[in-house]
Amino acid sequence: MSNTIGSPQFPGIKEKPGESHAGVPLVSTSTPHPAIPLLPANCAPPIMPLNPFNVPNDDFISCNISPFHDVQAIRHDVDSLFNVLSDIVISTSTDSLDFQQVTIDLGQHKVPQVALQPAYSLLNEIACQMTCHSFNTSNVHESVVGILQKLRSYAWDAKTVIALSAFALNYGKPLRLTVAEEASQKENALELHVLTLAKEENKPAQSGSNLTSNLVKITLELIKKIITLEKLFANKSYTIKHFPTLCKDHRAVYAYWAIFSLFACANQTKREEIQYLVLLEKLNVILEEIRIQQGALEDLIWRLEAFQNPSPGIWQLLKALIYPNNVDKPDNIIANNATKELLNLDELITTEKLFLFISGLDIDLEIITSLTWIHDYKIGKIVWVPVVEDWTLEINKERFQYLKSRMPSWYVVEYLSLIEGYEPLQQVWNYRGKPIVVVADAYGNVLNQNALRPIILWGIEVFPFDYATISYFVSQQWKWFWPAAFKIHPPIQTWVTVRTTTFQSLLLLFA
1 MSNTIGSPQF
11 PGIKEKPGES
21 HAGVPLVSTS
31 TPHPAIPLLP
41 ANCAPPIMPL
51 NPFNVPNDDF
61 ISCNISPFHD
71 VQAIRHDVDS
81 LFNVLSDIVI
91 STSTDSLDFQ
101 QVTIDLGQHK
111 VPQVALQPAY
121 SLLNEIACQM
131 TCHSFNTSNV
141 HESVVGILQK
151 LRSYAWDAKT
161 VIALSAFALN
171 YGKPLRLTVA
181 EEASQKENAL
191 ELHVLTLAKE
201 ENKPAQSGSN
211 LTSNLVKITL
221 ELIKKIITLE
231 KLFANKSYTI
241 KHFPTLCKDH
251 RAVYAYWAIF
261 SLFACANQTK
271 REEIQYLVLL
281 EKLNVILEEI
291 RIQQGALEDL
301 IWRLEAFQNP
311 SPGIWQLLKA
321 LIYPNNVDKP
331 DNIIANNATK
341 ELLNLDELIT
351 TEKLFLFISG
361 LDIDLEIITS
371 LTWIHDYKIG
381 KIVWVPVVED
391 WTLEINKERF
401 QYLKSRMPSW
411 YVVEYLSLIE
421 GYEPLQQVWN
431 YRGKPIVVVA
441 DAYGNVLNQN
451 ALRPIILWGI
461 EVFPFDYATI
471 SYFVSQQWKW
481 FWPAAFKIHP
491 PIQTWVTVRT
501 TTFQSLLLLF
511 A
C-alpha cells in the first residue's frame with residue numbers, strides 16, 4: 001500500500017520502505033507495532049498503527065493521551081521562555097534575515113528570569129528523540145505520546161513550550177539556541193544564549209524551507225493560543241464546571257498537534273518526505289476552533305464577573321444578562337404601554353432600585369399581582385426578562401403576548417432570542433426556570449439575588465429588600481418570643497448568642 005497523501009495508511013507522511021536513519025536500526029516492515037497504552041473504558045480501541053489523520057475525531061486522540069497527564073500539574077509562568085524561543089525560531093525561519101542585526105535583549109547577564117526552567121538533560125533527550133529517530137507511519141503517534149509521557153507533570157502550555165525549547169536546540173542553520181547547565185543549580189536552571197553563526201552551505205531546498213517556515217510560524221501561533229487558553233482555564237475564580245455548554249476542553253489535543261508539528265519540522269533536516277500541506281490545513285482548523293473557544297470563554301468570564309462585580313454601573317449588569325458585549329444601549333427594553341418608550345439609561349442612574357423580574361412563560365398571575373404593588377409605589381423600575389429557549393414556536397409567542405397584556409406599564413425585554421447571559425444566570429443567580437426577582441441599586445450592586453418570596457409575603461414592608469432588612473424584619477416578628485423563652489430557660493440566651501451567625505444564615509435562606 002502506498003504511503004501518500006490521502007492513502008488510508010497515513011495521509012500526512014510518506015516514508016521510504018526500508019529506509020534507515022542515523023542511530024536507528026533498520027526496521028523490517030513485518031515488525032509488530034509497539035504497544036499503544038490502554039485507553040479508558042469509555043474510549044474506542046486504538047487503530048493499529050494509530051494514524052492521527054485518520055481517526056474518527058480528535059476525541060480518540062484525547063483518550064489516548066489523557067492517561068499521561070497529571071491533572072494536579074503545577075502551572076508555571078511560560079511567557080518569558082516562550083517569547084525568547086519565539087523570537088529565535090522566527091528569526092531562524094526568515095530567509096531575508098540580516099544576520100548582523102539579530103539581537104535579543106535578555107537582560108544584563110543575558111539570562112531571562114523565567115519560572116519555567118526545565119532541566120537541560122530533559123531538553124536534550126526530547127531534542128534527540130525529535131531529530132535522531134525516524135518519524136514515519138509506524139511510530140508517529142508513539143513518538144508524540146512519548147514526549148507527553150516525559151512531560152506528564154507539567155501543564156499543557158508548559159508541555160508545548162518545553163517541546164519548543166528542545167526543538168530550538170537544533171533548528172535552523174543561521175541561528176541557534178545554545179543551552180548550558182548551571183552547575184550551582186544542579187540542572188534546575190538554564191542559561192539561554194543567542195549566537196550569530198555564519199551561513200552554512202547546506203541549506204534546505206527553497207521550497208522545503210518556505211513550507212517549513214510556514215509550519216513553524218503557525219505552530220508558534222498554536223502554542224501561543226494554548227498558553228492563552230491555559231490562563232483562562234487557570235483563573236482561580238472559575239473552573240471547568242463553569243463552562244458546561246461550551247465546546248469541550250481540548251487542550252490535550254491542541255498540545256498533541258503542536259508537538260506533532262514540531263516533530264515534522266525537526267525531521268525536515270533529516271530530509272524526511274513529509275507532506276506539510278495536510279498538517280498546515282489541520283493546524284489552521286485547530287486555530288479557528290481555539291479562536292471560537294477563546295472568544296466564548298472570554299465572553300462568559302466577562303459576564304460572570306459583571307454579574308458579581310458590575311462596573312461602572314447598572315448598564316453593565318443589564319448588558320451581561322441580555323445582550324452581546326458589543327451592544328451600546330438597551331434598544332429592546334420597552335415600556336409595556338401605549339408609548340412604547342425605550343428604557344432610558346440616564347434615568348437608571350437616578351432610580352432608587354432596579355427589579356429584574358426573570359422568568360419563563362409559565363408564570364402564576366398572583367406573582368404579577370404582587371409585583372404590581374411594588375410597581376405602583378414607584379420605588380424603582382421593574383424589568384421583565386423572559387427566558388425562552390425557542391422563540392420560533394407560535395405557542396411561546398402567543399403566551400408572551402398574553403402575559404404582557406396582564407402586566408402593568410413596567411419594562412419588558414423584547415429580545416425574542418435566548419438571552420446572552422443565560423449561563424451565568426444559572427450559575428451566579430441560581431436560576432432554574434422558576435421566577436426570580438433580582439434587586440439591584442443604581443450602581444449595579446445586587447442587593448438580593450431573589451427577593452420574590454419576601455415581596456409576596458410582606459410586600460413593601462421589607463423595602464429595599466436587601467438581606468439585612470429582611471433579616472431584621474423577620475427577627476422583629478419574633479421579638480416577643482425571645483424574652484419569654486430566656487425567662488423560662490436562661491441557657492437558651494447563651495445558646496442563641498453563640499449561634500447568631502448560623503441563625504442569621506437560616507433567616508437569609510428562608511428569605
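Residues in the sequence shown are numbered consecutively from 1, following the UniProt record's numbering.
Think of the CB as a built atom: it goes at the ideal place given N, C-alpha and C, for glycine as much as any other residue.
Under 7 angstroms between C-beta atoms of residue i and residue j
i    : j    : result
P435 : I367 : yes
S370 : I455 : yes
V439 : F307 : no
F82  : V161 : yes
G313 : G421 : no
L164 : A127 : no
Y254 : I226 : yes
L283 : L222 : yes
V462 : L452 : no
D58  : S153 : no
I349 : E414 : no
T351 : K381 : yes
V446 : Y411 : no
W373 : L345 : no
L287 : H141 : no
L342 : R399 : no
V216 : V89  : yes
Between the CA atoms of residue j and residue i - distance to the nearest angstrom
i    : j    : result
S91  : Y171 : 11 angstroms
D299 : S143 : 37 angstroms
Q493 : K487 : 9 angstroms
I322 : I259 : 41 angstroms
D77  : F233 : 14 angstroms
W495 : F60  : 59 angstroms
G295 : D249 : 14 angstroms
P491 : S475 : 20 angstroms
T131 : F263 : 8 angstroms
N136 : N267 : 10 angstroms
K397 : A155 : 49 angstroms
Y256 : W391 : 41 angstroms
V55  : V145 : 15 angstroms
D364 : W302 : 33 angstroms
I65  : L148 : 8 angstroms
S261 : A73  : 24 angstroms
I419 : W458 : 30 angstroms
Y467 : S62  : 47 angstroms
H133 : K231 : 34 angstroms
F357 : H489 : 45 angstroms
I395 : L403 : 12 angstroms
Q401 : L297 : 34 angstroms
N450 : Q293 : 32 angstroms
Reference residue i; option with closest CA among the options
i           : options                : result
E281        : N214, G295, H250       : N214
K159        : S121, R251, S475, S86  : R251
D87         : E125, W156, N64, L220  : L220
residue 512 : H375, N337, I470       : With the chain covering 1 to 511 only, the question about residue 512 has no answer from this structure.
residue 512 : Y402, V385, S409       : No answer is possible for residue 512: the residues shown for the chain start at 1 and end at 511.
K329        : A320, N336, N337       : A320
L229        : R291, Y377, E305       : R291
A442        : V71, K225, S471, L317  : L317
Q427        : T351, V383, E305       : E305
Y431        : V388, L277, M407       : V388
N448        : F465, N332, R303       : F465
L116        : D79, L148, T339        : D79
K378        : I363, D362, S409       : S409
Y120        : H141, F167, S134       : F167
L151        : V140, G459, L123       : L123
S405        : V84, N336, E288        : N336
L279        : L211, D157, E289, N325 : L211
L85         : S62, V327, I286, K224  : K224
Residue i - containing beta strand (DSSP E), residue span
i    : result
N448 : 446 to 448
N-terminal and C-terminal residue of the alpha helix (DSSP H) that residue i is part of
i    : result
V439 : Not the alpha helix (DSSP H): V439 falls in the beta strand (DSSP E), residues 436 to 440.
F53  : Counting along the chain, F53 falls outside any alpha helix (DSSP H), and DSSP gives it neither H nor E.
W315 : 314 to 322
Q72  : Looking at the DSSP string, Q72 is not in any alpha helix (DSSP H), and its letter there is neither H nor E.
A258 : 251 to 266
I419 : Neither: I419 is in no alpha helix (DSSP H) and is coded neither H nor E.
V140 : 140 to 150
R432 : Element bounds for R432: n/a, residue is neither H nor E.
message: For a minimum of 3 consecutive residues, which ranges assigned as the beta strand (DSSP E) are wholly contained in the segment 333 to 413?
response: 333 to 335, 354 to 359, 381 to 386, 411 to 413
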